[in-house]
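*Asks:* Handing you a structure now.
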Ligand code: DWN
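In the working numbering, the protein residues as written are 15 to 417.
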């Protein structure tokens with residue numbers, strides 16, 4: 015495989031085996047047409063970037079069938095409200111007529127916070143299903159991928175954009191060079207590119223290997239983001255840890271020599287050096303951790319089944335596709351997965367073909383064990399499912415739910 019940024023040849027350090035598209039929830043009639051790819055992961059020594067080798071075309075994922083809505087979690091709604099306030103205070107307060115672009119604005123959860131403000135905000139969102147909701151929320155939304163061609167649709171933003179922001183999206187875009195070129199064409203001299211994504215350091219320490227799936231082509235660290243930014247005459251000027259999605263990082267990038275570099279950058283880069291996040295060695299350790307996690311998950315679930323326990327899944331996440339297909343779990347182990355998303359209910363999980371049901375079904379069927387696939391939303395879910403524990407139910411996960 016080749017590094018998608020530097021072009022260097024990379025030898026994949028592990029494979030999770032054949033995988034379907036993680037959000038490809040499907041009807042029974044479509045089982046025979048399901049497409050799989052080999053989920054191999056490599057690490058670029060030149061830009062310290064963990065990346066997938068093969069993956070489906072983004073057009074086959076981000077379309078009218080895309081089933082993930084940012085607003086499906088109250089915690090995320092509140093996170094995006096705080097994120098917007100932070101952007102307003104830190105980067106938009108000086109200009110009375112500022113301009114902001116969000117890449118991958120989903121259902122408009124973040125951009126809604128700029129309605130009726132002095133900021134002219136626009137979202138790029140190619141998934142018709144979620145963009146439709148964004149437009150209903152009165153959020154200015156272009157239903158296209160973000161790239162050097164499509165930014166021509168917002169000519170008045172070229173060289174005049176104060177903030178380009180994004181959350182859980184940049185890791186989805188195969189052509190990072192084109193992202194940086196587009197950012198370069200849009201930002202003012204002092205403008206900033208701010209994005210959040212799951213953090214490599216958190217994935218390694220939690221062994222949350224389910225962060226890797228077709229949509230997450232990259233897992234970033236400060237070290238990789240700094241290298242990529244430098245290739246385009248930009249620099250990493252700040253980085254702030256986030257609790258979201260089980261451990262994410264907010265990266266702030268600006269043009270070279272235009273901003274003071276925050277202390278956070280050095281502190282976190284030192285942490286990454288000490289923990290070898292810039293080295294293939296940490297990837298090889300992670301590989302061993304994944305293999306052990308897989309064995310533990312399979313054995314624990316087998317043990318529960320032997321004892322006659324009824325097991326279900328909670329949260330039909332994209333992440334669950336990696337767990338279910340890597341550990342080869344199906345309906346012999348997990349009876350159903352419940353979820354609040356109406357587009358997922360009534361369908362089956364990709365590859366493992368477990369029925370997706372409503373949360374009401376979960377309440378009525380009294381499982382003994384619930385595999386919390388939406389472990390990143392554990393506080394919100396534990397709060398609303400207190401009765402499950404009262405009735406003797408138990409939560410299970412491959413990650414530590416006590417953390
Ligand atoms: O990056 C991505 C993230 C942000 O969202 C995308 N590639 C796809 C998606 O990944 P995911 O599906 O792993 O994300 P979540 O946020 O862990 O998904 C949560 C799922 O759980 C949703 O289907 C909604 C559901 N849910 C639920 O049934 N009850 C969520 C909550 C909070 C609940 O209480």
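No residue lacks a Cβ here, since even glycine has one placed at the ideal position from N, Cα and C.
Given the structure is predicted, the values throughout are model-derived calculations rather than measurements.
1. Since residue 340 is in the alpha helix (DSSP H), which residue starts that stretch and which ends it?
2. Give the single residue among 321, 261, 349 and 362 whose Cα lies nearest to the Cα of residue 389.
3. Excluding the 5 residues flanking residue 242 on each side, which residues of the same chain have their C-beta closer than 8 Å to its C-beta?
4. Quick check on residue 211: does DSSP put it in helix, strand or coil?
5. In angstroms with no decimal places, state the Cα-to-Cα distance between residue 393 and residue 90.
6. Am I right that residue 175 and residue 201 are in contact with their C-beta atoms under 8 Å? What's the rounded C-beta distance?
7. In terms of residue numbering, what span does the beta strand (DSSP E) encompassing residue 193 cover?
8. Tell me which residues share the same chain as residue 152 and place their Cβ nearer than 7 Å to its Cβ, disregarding the 5 neighbours each side in the sequence.
9. If you check the beta carbons only, do residue 236 and residue 283 fall under 8 Å apart?
10. Tell me which residue opens and which closes the beta strand (DSSP E) that residue 328 is part of.
11. What separation, rounded to the nearest whole angstrom, lies between the Cα atoms of residue 416 and residue 328?
12. Under 7 Å: does the beta carbon of residue 82 sit that close to some heavy atom of the ligand DWN?
13. Restricting to Cα atoms, I'd like to know which of 382, 380, 357 and 378 is closest to residue 370.
14. Helix, strand or coil for residue 91, going by three-state DSSP, please let me know.
15. Given a threshold of 16 other Cβ atoms within 10 Å of its Cβ, counted over all protein chains shown, does residue 365 qualify as buried or as exposed?
16. Tell me, please, which residues DSSP counts as bridged to residue 371.
17. Would you check whether the ligand DWN has a heavy atom nearer than 7 Å to the C-beta of residue 76?
18. Measuring CB to CB, does residue 206 end up less than 8 Å from residue 268?
19. Note the first and the last residue of the continuous alpha helix (DSSP H) segment covering residue 242.
20. Roughly how many angstroms separate the alpha carbons of residue 217 and residue 110, rounded to a whole number?
21. Count the C-beta pairs between the segment 70-83 and the segment 27-39 that are closer than 8 Å, then say yes if the count reaches three, no if not.
22. With residue 277 as the anchor, note down where its alpha helix (DSSP H) starts and where it stops.
23. Rounded C-beta distance between residue 226 and residue 413? I'm assuming under 8 Å.
24. In this structure, how does DSSP classify residue 171 when only helix, strand and coil are distinguished?
25. Between the C-alpha atoms of residue 331 and residue 387, what's the straight-line distance to the nearest angstrom?
*Replies:* In short:
1. Working through the chain shown from its first residue, we reach residue 340 at position 326. In the DSSP assignment, residue 340 falls within the alpha helix (DSSP H) that extends over 332-340.
2. Numbered from its first residue, the chain shown carries residue 389 at position 375. When each option's Cα is compared against that of residue 389, the closest is 261.
3. The sequence position of residue 242 within the chain shown is 228, counting from 1. Within the same chain, and ignoring the five residues on either side of residue 242 in sequence, the residues whose Cβ sits closer than 8 Å to its Cβ are 19, 61, 63, 190 and 194.
4. Along the chain shown, one-based indexing puts residue 211 at 197. Residue 211: strand per DSSP, three-state reduction.
5. Along the chain shown, read from residue 1 onward, the residue named residue 393 stands at position 379. Along the chain shown, read from residue 1 onward, the residue named residue 90 stands at position 76. Put simply, the backbone Cα of residue 393 is about 12 Å away from that of residue 90.
6. Position 161 of the chain shown, counting from 1, holds the residue named residue 175. Position 187 of the chain shown, counting from 1, holds the residue named residue 201. Residue 175 to residue 201, Cβ: 5 Å. Contact.
7. Taking the first residue of the chain shown as position 1, residue 193 is located at position 179. Per DSSP, residue 193 lies in no beta strand (DSSP E) segment; the continuous alpha helix (DSSP H) that holds it begins and ends at 190-200.
8. To locate residue 152, count along the chain shown from 1; it is residue 138. Contacts found: 129.
9. By 1-based counting over the chain shown, the position of residue 236 is 222. By 1-based counting over the chain shown, the position of residue 283 is 269. Result yes, Cβ atoms of residue 236 and residue 283 sit closer than 8 Å.
10. Here residue 328 refers to the residue found at position 314 of the chain shown. From DSSP, the beta strand (DSSP E) with residue 328 extends over 325-328.
11. In the chain shown, residue 416 corresponds to position 402, counting from 1. In the chain shown, residue 328 corresponds to position 314, counting from 1. So the alpha carbons of these two residues sit roughly 17 Å apart.
12. For this step, residue 82 is matched to residue 68 along the chain shown. Yes, the ligand DWN has a heavy atom inside 7 Å of this Cβ.
13. Working through the chain shown from its first residue, we reach residue 370 at position 356. The option with the nearest alpha carbon to residue 370 is 357.
14. Position 77 of the chain shown holds residue 91. Residue state, collapsed to three classes: helix.
15. Within the chain shown, the letter at position 351 stands for residue 365. That one is buried.
16. The sequence position of residue 371 within the chain shown is 357, counting from 1. 352, per the DSSP bridge assignment.
17. In the chain shown, residue 76 corresponds to position 62, counting from 1. Not so, every heavy atom of the ligand DWN lies at least 7 Å from the Cβ.
18. Looking up residue 206 in the chain shown gives position 192. Looking up residue 268 in the chain shown gives position 254. Yes, they are a contact pair.
19. The residue given as residue 242 occupies position 228 in the chain shown. In this chain, the alpha helix (DSSP H) harbouring residue 242 covers 236-245.
20. As a position in the chain shown, residue 217 is number 203, starting the count at 1. As a position in the chain shown, residue 110 is number 96, starting the count at 1. For the pair residue 217 and residue 110, the Cα-to-Cα distance works out to about 40 Å.
21. Per the Cβ contact rule, the segment 70-83 is in contact with the segment 27-39 (3 or more Cβ pairs under 8 Å).
22. The sequence position of residue 277 within the chain shown is 263, counting from 1. Residues 277-288.
23. Counted from its first residue, the chain shown places residue 226 at position 212. Counted from its first residue, the chain shown places residue 413 at position 399. In this structure residue 226 does not touch residue 413 by the C-beta definition: roughly 14 Å separates them, more than the 8 Å allowed.
24. Here residue 171 is taken as the residue at index 157 of the chain shown, counted from 1. Residue 171 falls in the helix class under three-state DSSP.
25. Mapped onto the chain shown, residue 331 falls at position 317. Mapped onto the chain shown, residue 387 falls at position 373. Cα to Cα, residue 331 sits roughly 6 Å from residue 387.
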